[in-house]
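Participant:
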Amino acid sequence: MHTAHTANTVITLELGHYRLLEQIGTSAYGMIWRAAGPANTRDVALKFINQQQMARAEAPLREHWVRSARNEIAFLQALEPWDERHIVRLLDSGEHQGLPVLALELLATDLGKHMVALKSRSETIPLPRLLGWISQINQALAKVHQYGWRYLDLKPANVLLDWGLQNVKLADFGTNRYGIQGQTHSYAGTANWQAPEQFFPAAQGLYQSDASSDYFSLGAMFYFLVTGGLPLRFCSACGNAFRSHQAAGAEWLRQAEGGRIPATLHEDEAARFAAALPVSARDAALALLRALLQADPAQRPRHAIQISRMLHAILGTPPERHYFDVTDPVRGMQRPSVNNGWAGGRVSAAVTSRSA
Ligand SMILES: Nc1ncnc2c1ncn2[C@@H]1O[C@H](COP(=O)(O)OP(=O)(O)O)[C@@H](O)[C@H]1O
Ligand SMILES: [Mg+2]
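Counting in the working numbering, the sequence shown runs without a single skipped number right up to 1563 at its last residue.
1. Could you tell me whether any non-hydrogen atom of ligand 1 is closer than 7 angstroms to the CB of G1232?
2. Measure the alpha-carbon distance for L1377 versus V1351 and round it to whole angstroms.
3. Any contact between the segment 1332-1340 and the segment 1366-1375? By contact I mean 3 or more CB pairs, one from each, below 8 angstroms.
4. If you drop the 5 nearest sequence neighbours on each side, which residues of the same chain put their C-beta closer than 7 angstroms to that of G1552?
5. Just tell me which of E1302, G1371 and I1468 has its CA closest to the CA of D1317.
6. For I1468, which of helix, strand or coil comes out of DSSP?
7. For ligand 2, which residues count as neighbours when the test is a C-beta closer than 5 angstroms to any heavy atom?
8. Under 8 angstroms: do the segment 1418-1438 and the segment 1387-1406 share three or more Cβ pairs, one atom per stretch?
9. Check A1214 in the structure and name its three-state DSSP category.
10. Check Y1225 in the structure and name its three-state DSSP category.
11. Would you mind reading off the limits of the beta strand (DSSP E) that contains G1301?
12. If I follow the unbroken beta strand (DSSP E) through K1647, where does it start and stop?
13. Determine, using beta-carbon pairs with one atom in the segment 1505-1512 and one in the segment 1430-1442, whether at least three such pairs fall under 8 angstroms.
14. So, A1454 versus F1407, is the Cβ gap smaller than 8 angstroms?
15. Please report the Cβ distance between L1228 and R1249, rounded to the nearest whole angstrom; I am assuming they are in contact, meaning their Cβ atoms lie under 8 angstroms.
16. Can you check which of these residues, Q1258, N1257 and H1271, is closest to A1395 by C-alpha distance?
17. Should G1355 and Y1385 be called a contact, given that it needs their Cβ atoms to be closer than 8 angstroms?
18. Please find out if some non-hydrogen atom of ligand 1 comes closer than 7 angstroms to the beta-carbon of A1252.
19. When the distance is taken between beta carbons, is A1488 closer than 8 angstroms to L1334?
20. Alpha carbon to alpha carbon, how far is K1254 from R1328?
21. When you compare each of F1441, I1332, M1517 and Q1260 to W1483 by their alpha carbons, which one comes out closest?
22. Which runs of the alpha helix (DSSP H) spanning at least 4 residues fall entirely within the segment 1417-1462, listed in chain order?
23. Can V1251 and A1310 be called in contact, C-beta distance under 8 angstroms?
24. Can you tell me whether I1280 sits near ligand 4, meaning its C-beta is under 7 angstroms from at least one heavy atom of the ligand?
25. Does the distance between the C-beta of L1325 and the nearest non-hydrogen atom of ligand 1 fall short of 7 angstroms?
26. Counting contacts by CB-CB distance shorter than 8 angstroms, is A1211 in contact with chain D?
27. I'd like to confirm the pairing. Which residues does DSSP put opposite Y1414 in its beta bridges?
28. Quick one: grab the DSSP three-state call for D1503.
29. Alpha carbon to alpha carbon, how far is Q1346 from L1500? Give it in angstroms, no decimals.
30. Check for me: the alpha helix (DSSP H) holding R1241 runs from which residue to which?
31. Assuming F1429 and L1496 form a contact by the criterion Cβ under 8 angstroms, report the distance between their Cβ atoms to the nearest whole angstrom.
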């Protein structure tokens, strides 16, 4: 029988003991607490499976959630230290009351909460910082893809921000799917931020996504950040359809659109996006946005290097000499590959993700 967590409860994991301080995040799936770690160490973020939800869920869903927590631990454990520049670091893990728990480095907030705070103060994000974040997310996705996974749940709530507001880290790897060559899979991700191929099923009710599906969500994030927190109408339409019809929402929306998939970027949205940018940045930024939001995955950028170059074109600044860009095969020094002795920490493909 699972008991709810309370402050001062001590959680024992493989490497240490952690005393719960305050709950800092919750979702349908997880519950995040700030916790004090061993003496002279920084507080950490402990990620638990949401027990209240767990208690209400059917057995197959409970098993799914446990498997995706183990999936997340296995993925983060497979990373090398140099991979964690823009991916949240796993510090410890273990089981509590028979359920997996992750101890993660603690960051300040997430981009969703940060955007709400900025809006309440009518503040905007300085463009160099915004482009820096998009570049860092691009680097994090490049790492996930390099390890052979699709991320499939890119959204503001899954991008953590450090106290200096300069660095972001990708978090929440429970929805990862192994394989980046379009292997079909069951429904995965969040309808409000998904690529068309993640929301509209291919054959037999399965979904055909690939690495470029993450690029579409990067485009939706780019639009959201530049416009001061607005979702694309395409994303809202998918989100509303899913809320009212769950997986049947795709067919419902297609019917409502006369049998077609809704436009992923409307011209008035493109105009609003451009208007939010300095004149000198508009053309290059709009070119990147249009490329990322192509409905046809084959029309999107082929890899992170292309995105990185289009990003640098926006400010017209070549990458700094010491700029470390994992997406660049030339400068991706020490990138783990067979050439420099990396034997592969890949996780078995059998692990399935937590989406129904
Ligand atoms: N390492 C962390 N540091 C600070 N806040 C975090 C951290 N990890 C998660 N959070 C907060 O908790 C929320 C949920 O975490 P997430 O890993 O996305 O769980 P879920 O799988 O439930 O979506 C995030 O949106 C963020 O606000
Ligand atoms: Mg999340």
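Beta carbons: idealized from backbone N, C-alpha and C, even for Gly.
Facilitator: Reading from the atomic positions:
1. yes
2. 10 angstroms
3. yes
4. Residue confidence for G1552 is low, a pLDDT of 44 falling below 50, so the modelled location carries little weight; the figure read from the coordinates is stated next. Closer than 7 angstroms at the Cβ level, and outside the excluded window around G1552, lie A1285.
5. G1371
6. coil
7. N1365 and D1379
8. yes
9. coil
10. strand
11. L1297 to H1303
12. Look at the range of the chain in this structure, 1208 to 1563, and you will see that residue 1647 is not part of it.
13. no
14. no
15. In fact, because the Cβ distance is near 12 angstroms, the residues do not count as touching under 8 angstroms.
16. H1271
17. yes
18. yes
19. yes
20. 30 angstroms
21. A quick correction: the sequence has Ala, not Trp, at residue 1483. The shortest C-alpha separation from A1483 is found at I1332.
22. 1418-1433 and 1440-1452
23. yes
24. Looking at this structure, you won't find ligand 4 anywhere; what it does contain is ligand 1 and ligand 2.
25. no
26. In the structure shown, chain D does not exist; there is a single protein chain.
27. H1392
28. coil
29. 18 angstroms
30. From DSSP, R1241 is part of no alpha helix (DSSP H) but of the beta strand (DSSP E) over G1237 to A1243.
31. 6 angstroms
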